[in-house]
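Visitor: Pasting in a structure now, in structure tokens, and then I'll have a few things to ask.
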Amino acid sequence: MTRFIHDQFAKDYLEELLAPYGEVKAPRRVSGEMREIDVWFAPNSDTTSNLRTLGLLGRIAQTPILIEPFRNAASPDEICDCLLKLLEVRGELRREANRNQLKLAPGAIPKLWVLTPTASATLLEDFGAKVDQAWLDGVYFAPKNFRTVIIVIHQLPRSQETLWLR
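Residue numbers (this note's numbering): 2 to 167.
Printed below as a string of structure tokens:
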């Protein structure tokens with residue numbers, strides 16, 4: 002159950018923006034202890050080019066994603082909880098692939114996008130998150146196998162491209 006108005010607004014907002022382009026589940030339950038992913042999205046194969054109209058949001062939604070938006074600065078514990086959800090989803094997908102005797106394609110594993118209004122340099126450093134020159138300011142990538150990106154909203158350029166996330 003969502004406890005805060007911002008959480009519900011963020012889920013509804015992202016769900017409405019992404020729904021025309023693919024399958025959205027907001028929230029999506031994960032196994033284990035009762036946990037919910039704020040937004041899970043998998044793009045339709047025929048709409049990925051149309052996602053560009055959403056700017057940075059469309060760029061991140063080109064592949065399956067989990068989005069965890071925060072109203073206040075995300076703490077290390079909150080980011081770890083998000084990582085745990087991602088790992089549980091990855092485990093579910095791997096088990097399903099094994100049951101069906103299929104190999105899990107790396108592109109089928111969603112990427113986690115943590116949206117936080119602000120983040121300290123220490124927090125980003127502690128998660129190994131670094132700027133990728135191919136992306137905008139404010140977008141920090143954790144090491145590859147973590148499949149996690151932290152977007153620091155107040156560091157995003159004020160432009161049309163970032164409007165849907167700011």
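Quick reminder that beta carbons are idealized off the backbone N, C-alpha and C, glycines included. Bear in mind that the values here come from a model prediction, so they are computed numbers and not experimental data.
Enumerated in chain order, which unbroken segments of the beta strand (DSSP E) with a length of 3 residues or greater are wholly contained in the region 71-150?
Guide: 112-117 and 140-142
Visitor: For Phe-5, which three-state DSSP category applies?
Guide: Reduced to three states, the DSSP call for Phe-5 is coil.
Visitor: Note down the Cα distance separating Met-2 from Val-153, rounded to an integer number of angstroms.
Guide: Only weak support exists for where Met-2 lies, its pLDDT of 43 falling under 50; the coordinates are left without a value.
Visitor: Can you tell me whether DSSP reads Arg-159 as helix, strand or coil?
Guide: DSSP places Arg-159 in the coil class of the three-state scheme, outside both helix and strand.
Visitor: Please identify the residue among Val-150, Ala-106 and Pro-118 whose C-alpha is closest to the C-alpha of Cys-81.
Guide: Val-150
Visitor: Could you spell out the range, first to last residue, of the alpha helix (DSSP H) harbouring Ile-61?
Guide: 57-61
Visitor: In the DSSP assignment, find the unbroken beta strand (DSSP E) run with Glu-167 in it and report its ends.
Guide: Note on identity: in this sequence residue 167 is Arg, with Glu being the wrong assignment. Neither: Arg-167 is in no beta strand (DSSP E) and is coded neither H nor E.
Visitor: So, under 8 Å CB-CB, Ala-27 and Asp-39 are touching, yes? Tell me the CB distance rounded to an integer number of Å.
Guide: Rounded, the Cβ-Cβ distance is 7 Å, consistent with contact.
Visitor: How far does the beta strand (DSSP E) with Ile-38 in it reach, from first residue to last?
Guide: 36-38
Visitor: According to DSSP, is Pro-28 helix, strand or coil?
Guide: Pro-28 falls in the coil class under three-state DSSP.
Visitor: Tell me whether Lys-145 is buried or exposed, calling it buried when 16 or more other Cβ atoms sit within 10 Å of its Cβ.
Guide: Classification for Lys-145: exposed.
Visitor: Is there contact between the region 135-142 and the region 83-99, where contact requires at least three CB pairs shorter than 8 Å?
Guide: no
Visitor: Leaving out five residues before and five after Leu-124 in sequence, what residues of the same chain have Cβ atoms less than 7 Å from its Cβ?
Guide: Counting only residues of its own chain and dropping the five nearest sequence neighbours on each side, Leu-124 has a CB closer than 7 Å to the CB of Pro-77.
Visitor: Classify Arg-159 as buried or exposed, calling it buried when 16 or more other Cβ atoms lie within 10 Å of its own Cβ.
Guide: Here Arg-159 is exposed, its C-beta having fewer than 16 other C-beta atoms within 10 Å.
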